[in-house]
Amino acid sequence: MDATYRKLLTYSYNIVGSYEDAKDLVQSTMEKYITLDKRHIEHEVNYLIKTVINASINFKNRAEKQKGYGVWLPEPMATESPDLNLIKEQTASYSLLVLMEKLNAKERAVFILKEAFGYSHEEIADVLDTTVENSRQLLTRARKSLDQTPVRADMPTQGVLEKYIQSILDADLDTLEHLLVEDIRLMADGGRSVKVVKDVAVGREAAARLLQHIYTLFLRDTEHTFTTINHQPAICFYKNGALYNCHVLEITADGQVGNIFSIVAPEKLRMIS
577 MDATYRKLLT
587 YSYNIVGSYE
597 DAKDLVQSTM
607 EKYITLDKRH
617 IEHEVNYLIK
627 TVINASINFK
637 NRAEKQKGYG
647 VWLPEPMATE
657 SPDLNLIKEQ
667 TASYSLLVLM
677 EKLNAKERAV
687 FILKEAFGYS
697 HEEIADVLDT
707 TVENSRQLLT
717 RARKSLDQTP
727 VRADMPTQGV
737 LEKYIQSILD
747 ADLDTLEHLL
757 VEDIRLMADG
767 GRSVKVVKDV
777 AVGREAAARL
787 LQHIYTLFLR
797 DTEHTFTTIN
807 HQPAICFYKN
817 GALYNCHVLE
827 ITADGQVGNI
837 FSIVAPEKLR
847 MIS
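As structure tokens, this is what we get:
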């Protein structure tokens with residue numbers, strides 16, 4: 577069941593945006609399946625996929641109502657790690673996971689099934705117990721909501737990361753500002769236990785000053801490494817040997833830094849530490 581488990585986990589993670597929650601949902605589904613009367617089930621894997629997807633949609637709907645703090649960011653995954661339990665090629669980029677927070681759970685599921693897994697509308701209708709026409713409408717609404725295409729630069733990003741971090745270390749705001757796109761957004765998620773700026777910083781000047789402020793207050797005594805998170809370049813900051821903060825970046829085709837996602841919540845750093 578290892579291949580099936582990884583497939584189910586990937587479906588669920590892309591919908592709920594949390595590896596730990598996806599793991600719990602898949603585990604619960606498989607435990608229930610073991611005790612089930614299977615005489616009416618023709619295709620085991622298809623049944624499990626359908627069950628996990630619908631469980632993930634229901635979970636996402638409940639989670640949306642329970643969000644009680646500022647910016648919520650997805651749980652990051654080290655997609656280049658050999659220990660990755662997800663299907664790498666079908667794991668959504670970090671920027672796409674963030675963008676999909678604009679969608680309701682069912683729109684998100686339809687978008688993922690169609691765009692990431694290549695499902696037909698007939699197959700989606702069967703999985704979600706809906707009509708083909710409704711599946712088409714949900715996909716149309718999802719695409720309209722996602723009017724911004726996540727940046728995936730097909731170019732080496734090491735030099736950009738080095739310039740980015742060096743300008744922060746040197747407190748060189750002028751260089752840092754010129755490295756950022758004009759309408760950059762900086763978002764931070766500290767969960768319920770770590771205080772972070774609740775509002776999104778928009779614009780290169782505001783973002784550069786906030787980055788410098790964060791470094792001065794919280795990251796001065798850290799060490800950093802460059803890595804890849806959900807197919808995107810990232811910087812991990814370590815304090816006393818423990819992962820403290822992760823910046824996931826968008827790099828544009830012309831070598832500028834687009835949106836920056838700062839994950840500080842300890843419970844969201846476990847899979848990359």
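Residue 604 in the numbering used here sits at position 28 of the sequence shown, with consecutive numbering throughout.
Where a beta carbon is used, it is the ideal one built from N, C-alpha and C, also for glycine.
All figures in this text were calculated on a predicted structure; none of them were measured in a lab.
Are the beta-carbon atoms belonging to residue i and residue j less than 7 angstroms from one another?
{"i": "V824", "j": "F813", "result": "no"}
{"i": "H697", "j": "R717", "result": "no"}
{"i": "A685", "j": "I633", "result": "yes"}
{"i": "A654", "j": "I848", "result": "yes"}
{"i": "E651", "j": "Y595", "result": "yes"}
{"i": "Q808", "j": "S669", "result": "yes"}
{"i": "L675", "j": "L715", "result": "no"}
{"i": "D765", "j": "I839", "result": "yes"}
{"i": "K626", "j": "V703", "result": "yes"}
{"i": "V778", "j": "M763", "result": "no"}
{"i": "S588", "j": "E826", "result": "no"}
{"i": "N637", "j": "A701", "result": "no"}
{"i": "F802", "j": "L737", "result": "yes"}
Using the three-state DSSP reduction, which class does residue i fall into: helix, strand or coil?
{"i": "Y832", "result": "Here residue 832 turns out to be Gln, not Tyr, going by the sequence shown. Three-state DSSP puts Q832 in coil, outside helix and strand."}
{"i": "P809", "result": "strand"}
{"i": "V674", "result": "helix"}
{"i": "T879", "result": "Outside the modelled stretch of the chain, which goes from 577 to 849, sits residue 879, for which no answer is possible."}
{"i": "V647", "result": "coil"}
{"i": "M606", "result": "helix"}
{"i": "H616", "result": "helix"}
{"i": "A654", "result": "coil"}
{"i": "E709", "result": "helix"}
{"i": "Y814", "result": "strand"}
{"i": "L756", "result": "strand"}
{"i": "L845", "result": "coil"}
{"i": "G850", "result": "Nothing can be reported for residue 850, as the shown portion of the chain is limited to 577 through 849."}
{"i": "N637", "result": "helix"}
{"i": "V770", "result": "coil"}
So residue i packs on residue j, CB below 8 angstroms; how close in whole Å?
{"i": "D597", "j": "F635", "result": "6 angstroms"}
{"i": "L585", "j": "T605", "result": "Incorrect: roughly 11 angstroms between the Cβ atoms, too far for contact."}
{"i": "V833", "j": "L755", "result": "6 angstroms"}
{"i": "V602", "j": "V628", "result": "6 angstroms"}
Give me whichever residues DSSP pairs with residue i in a beta bridge.
{"i": "I625", "result": "DSSP output for I625 lists no bridge partner at all."}
{"i": "S838", "result": "A764, H823"}
{"i": "E799", "result": "Y814"}
{"i": "V778", "result": "R761"}
Using 6 angstroms as the cut-off, classify the Cβ of residue i as near or not near the heavy atoms of the ligand ZN, replying yes or no.
{"i": "K720", "result": "Of ligands this structure carries none, so the ligand ZN is not represented either."}
With three or more C-beta pairs closer than 8 angstroms as the rule, is the region 773-793 touching the region 606-622?
When Cβ pairs closer than 8 angstroms are counted between the two stretches, the region 606-622 is seen not to touch the region 773-793, the count staying below three.
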